[in-house]
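This report concerns only the one structure given below.
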Amino acid sequence: MSDVLVQSPAEKKPLLGKKERKLITDPLSDNNPVTIQVLGICSALAVTTQMKPTMVMALSVTAVVALSNLVISLMRNAIPPRIRIIVQLTVVSVLVILVDQILKAYMYDISKQLSVFVGLIITNCIVMGRLEAYAMGNKPFPSLLDGLGNGFGYGAVILTVAFFRELLGSGKLFGFKVIPDAVYEAGYVNNGLMMIPAGALFVVACYIWVQRSFAKHLEEKE
Amino acid sequence: MSSKGNSGTIVFALVVTTLSAALLAAAATILKPAQDENVLKEKQQNILSLVGLNGPNDYKKFDQLVQGLVIDQEGQQVQGVEALALDLALEKKLNTKNPAYKVRYPMYVYQDPRGRTTYLLQVAGTGLWGPIWGYLALDEDGNTLRSAIFDHKGETPGLGAEINTDVFEQQFINKKLLNEQGDFVSVKVEKGKHDASMPHAVDAISGGTITSNGVSKMLEQDLVCYLKYIRQQSTQSPQL
Chain G
40 MSDVLVQSPA EKKPLLGKKE RKLITDPLSD NNPVTIQVLG ICSALAVTTQ
90 MKPTMVMALS VTAVVALSNL VISLMRNAIP PRIRIIVQLT VVSVLVILVD
140 QILKAYMYDI SKQLSVFVGL IITNCIVMGR LEAYAMGNKP FPSLLDGLGN
190 GFGYGAVILT VAFFRELLGS GKLFGFKVIP DAVYEAGYVN NGLMMIPAGA
240 LFVVACYIWV QRSFAKHLEE KE
Chain X
2 MSSKGNSGTI VFALVVTTLS AALLAAAATI LKPAQDENVL KEKQQNILSL
52 VGLNGPNDYK KFDQLVQGLV IDQEGQQVQG VEALALDLAL EKKLNTKNPA
102 YKVRYPMYVY QDPRGRTTYL LQVAGTGLWG PIWGYLALDE DGNTLRSAIF
152 DHKGETPGLG AEINTDVFEQ QFINKKLLNE QGDFVSVKVE KGKHDASMPH
202 AVDAISGGTI TSNGVSKMLE QDLVCYLKYI RQQSTQSPQL
């Protein structure tokens, strides 16, 4: 975990150095916003009954986190400290409204399925959390990467949850039937629990369980 | 740093908000045509699906498939207004503000290949959190519902929002609007078990009482106005 970054001064710093890569990969596992930081759980429960809207949600959140991180980082030295939270909120709201408008114009069906949850990205704790924790104190490019990483980390979790919920709940993936009719004729039934938000809690819990049994260092020391 | 003073803070806030507002206004203006087209397309698809026209391109032939007309709340036909362009929710709002205002209702007439007429009606009302609306197919007898579609702006997911599910909508098939004496009794959304022997009631959604009541209310309010028009039509053409 504590590799020292060795870099000869003459060498030009690569666009994606080790530190930069870490910004992207860390939130995927060891510092995942949903399973480790436990942020953004509500939308993870709400939009994950099907893969397709979940995918759009993941991309929307990634775009919002990455761009708001970038914008706030660019402005970080000019933002008066007393109004910094409301400035962050303004930037996030603008981006979320843009995403919502674009979805309504070009992906109307999915925007209807996601309904209020696109607007609720504004209140997704991942976004504000990353702005306060990272973008306010770091340069624009690392902030962009940090945003992308956290967006992907969020996306990875909700897509995994959606995979199991759609597969077990309706026997489909991305809207296509994957469980053959013969299985249903043999007495298999879809799991209704997966279609309701409680189902997502079980899947998220299992996800965390599996993740922690592989990564023992995440366990709290007694 | 100047941004730490009060004036600096105010200037910064003004610049940020002005820029944000300009950006959003521009986006809204640019995207509006595409969004409006989506809404119109959805409305046309909803109306056509009432009579089983679910083809992905059916909505392009909307004007050939159904004939739109506008009536007022007394059942008189209103000329010079396009049915699709009429905002029923707005009409009803104007009426609440000013009871003298006559609500105009859009309706569509569909003739199936065997020549049987179906009236496609639009209803609008209020649920718990906001607007709810629906489209109904009424048989030419002016009594039997053939199908129903409901939708809402933001009812509670899992509770009131269930009005747009097939399970709820299919309950309306073959329900009757008139009692045996021929008087309008509408279809009520009520608690309890309902079956085909109860022609004027469907099962409400547990936990969605206010939304369910909203559906009952909008059906009662709006269908009676359509019936006025449909009855006039059938007295004019005695073969019905």
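From first to last, the protein sequence lines stand for chains G and X. In this text, residue positions in the first sequence follow the working numbering: the first is 40, and each later residue adds one. In this text, residue positions in the second sequence follow the working numbering: the first is 2, and each later residue adds one. Glycine included, each C-beta is placed from N, C-alpha and C at the ideal position.
Sequence-distant residues of the same chain with beta carbon closer than 7 Å to residue i, five excluded per side
{"i": "R169/G", "result": "V104, N108, D185, G186 and N189"}
{"i": "I231/X", "result": "Y120 and G143"}
{"i": "S112/G", "result": "A174, N177, K178, P179 and S182"}
{"i": "L87/X", "result": "V71, R105 and P107"}
{"i": "L220/X", "result": "V124, S187 and V188"}
{"i": "V225/X", "result": "F185"}
{"i": "A28/X", "result": "none"}
{"i": "L20/X", "result": "none"}
Cβ shell of residue i (< 6 Å), same chain only, five flanking positions each side left out
{"i": "I75/G", "result": "none"}
{"i": "Y102/X", "result": "L95 and N96"}
{"i": "V104/X", "result": "Q74, E92, K93 and N96"}
{"i": "R115/G", "result": "M175"}
{"i": "D59/X", "result": "L49"}
C-beta neighbour in chain X for residue i, strict 7 Å
{"i": "V95/G", "result": "no"}
{"i": "L84/G", "result": "no"}
{"i": "T129/G", "result": "yes"}
{"i": "K91/G", "result": "no"}
{"i": "A237/G", "result": "no"}
{"i": "L137/G", "result": "yes"}
{"i": "V126/G", "result": "yes"}
{"i": "I122/G", "result": "yes"}
{"i": "A144/G", "result": "yes"}
{"i": "Q76/G", "result": "no"}
{"i": "V133/G", "result": "yes"}
{"i": "V242/G", "result": "no"}
{"i": "P119/G", "result": "yes"}
{"i": "Q140/G", "result": "yes"}
Chain G contact for residue i (CB, 7 Å cutoff)
{"i": "V17/X", "result": "yes"}
{"i": "A125/X", "result": "no"}
{"i": "T157/X", "result": "no"}
{"i": "T10/X", "result": "yes"}
{"i": "F13/X", "result": "yes"}
{"i": "S21/X", "result": "yes"}
{"i": "L139/X", "result": "no"}
{"i": "N175/X", "result": "no"}
{"i": "L49/X", "result": "no"}
{"i": "A205/X", "result": "no"}
{"i": "Q36/X", "result": "yes"}
{"i": "A28/X", "result": "yes"}
{"i": "L160/X", "result": "no"}
{"i": "L41/X", "result": "no"}
Same chain only: Cβ atoms within 8 Å of residue i, ignoring 5 sequence neighbours per side
{"i": "Y246/G", "result": "T74, V196, T199 and V200"}
{"i": "F241/G", "result": "L232"}
{"i": "E83/X", "result": "G69 and V71"}
Host alpha helix (DSSP H) of residue i (start-end)
{"i": "K58/G", "result": "K57 to T64"}
{"i": "F156/G", "result": "V155 to G158"}
{"i": "D220/G", "result": "D220 to E224"}
{"i": "R251/G", "result": "P236 to F253"}
{"i": "F171/X", "result": "The sequence given here places Gln at residue 171/X; Phe does not occur at that position. Unbroken alpha helix (DSSP H) run through Q171/X: D167 to Q171."}
{"i": "K94/X", "result": "L89 to K98"}
{"i": "L170/G", "result": "C164 to A172"}
Terminal residues of the beta strand (DSSP E) in which residue i lies
{"i": "Q123/X", "result": "T118 to T127"}
{"i": "Y109/X", "result": "R105 to Q112"}
{"i": "G190/G", "result": "Per DSSP, G190/G belongs to no beta strand (DSSP E); it is in the alpha helix (DSSP H), P179 to S209."}
{"i": "K189/X", "result": "K189 to E191"}
{"i": "V77/G", "result": "Careful: V77/G lies outside any beta strand (DSSP E) and carries neither H nor E."}
{"i": "Y136/X", "result": "P132 to D140"}
{"i": "A202/X", "result": "A202 to D204"}
{"i": "F151/X", "result": "L146 to H153"}
Heavy atom of the ligand MG within 6 Å of residue i beta-carbon
{"i": "M199/X", "result": "Questions concerning the ligand MG fall outside what the structure shown contains, since it holds no ligand whatsoever."}
Problem set entry | Contiguous alpha helix (DSSP H) assignments of at least 4 residues, all confined to the stretch 32–77 of chain X | Runs of the alpha helix (DSSP H) inside the stretch 32–77 of chain X: 63–66.
Exercise. Where are the alpha helix (DSSP H) runs, 4 residues long or more, that stay fully inside the stretch 81–141 of chain G, in chain order?
Worked result: Given a length threshold of 4 residues, each whole run of the alpha helix (DSSP H) inside the stretch 81–141 of chain G is given here in chain order: 90–114.
For this session: Pair every Cβ in the stretch 85–99 of chain G with every Cβ in the stretch 148–158 of chain G, then say whether three or more of these pairs are closer than 8 Å.
Result: Between the stretch 85–99 of chain G and the stretch 148–158 of chain G there are three or more C-beta pairs closer than 8 Å, enough to call the two in contact.
Problem set entry | contact_flag[the stretch 164–180 of chain X, the stretch 194–207 of chain X] where n(CB pairs < 8 Å) is 3 or more | Contact between the stretch 164–180 of chain X and the stretch 194–207 of chain X is present, because at least three Cβ pairs lie under 8 Å.
For this session: For the stretch 112–122 of chain G and the stretch 223–243 of chain G, state whether three or more C-beta atom pairs, one from each stretch, are separated by less than 8 Å.
Result: For the pair of segments examined, the stretch 112–122 of chain G was found not to touch the stretch 223–243 of chain G: the number of CB pairs separated by less than 8 Å stays below three.
For this session: Could you tell me whether the stretch 127–134 of chain G touches the stretch 212–224 of chain G, where touching means 3 or more Cβ pairs closer than 8 Å?
Result: No, the stretch 127–134 of chain G is not in contact with the stretch 212–224 of chain G.
Exercise. Is there contact between the stretch 140–154 of chain X and the stretch 171–179 of chain X, where contact requires at least three CB pairs shorter than 8 Å?
Worked result: Between the stretch 140–154 of chain X and the stretch 171–179 of chain X, the count of C-beta pairs closer than 8 Å reaches three or more; the two stretches touch.
Problem set entry | Touch test, the stretch 133–150 of chain G against the stretch 31–45 of chain X, Cβ-Cβ under 8 Å, three pairs minimum | The stretch 133–150 of chain G vs the stretch 31–45 of chain X: in contact.
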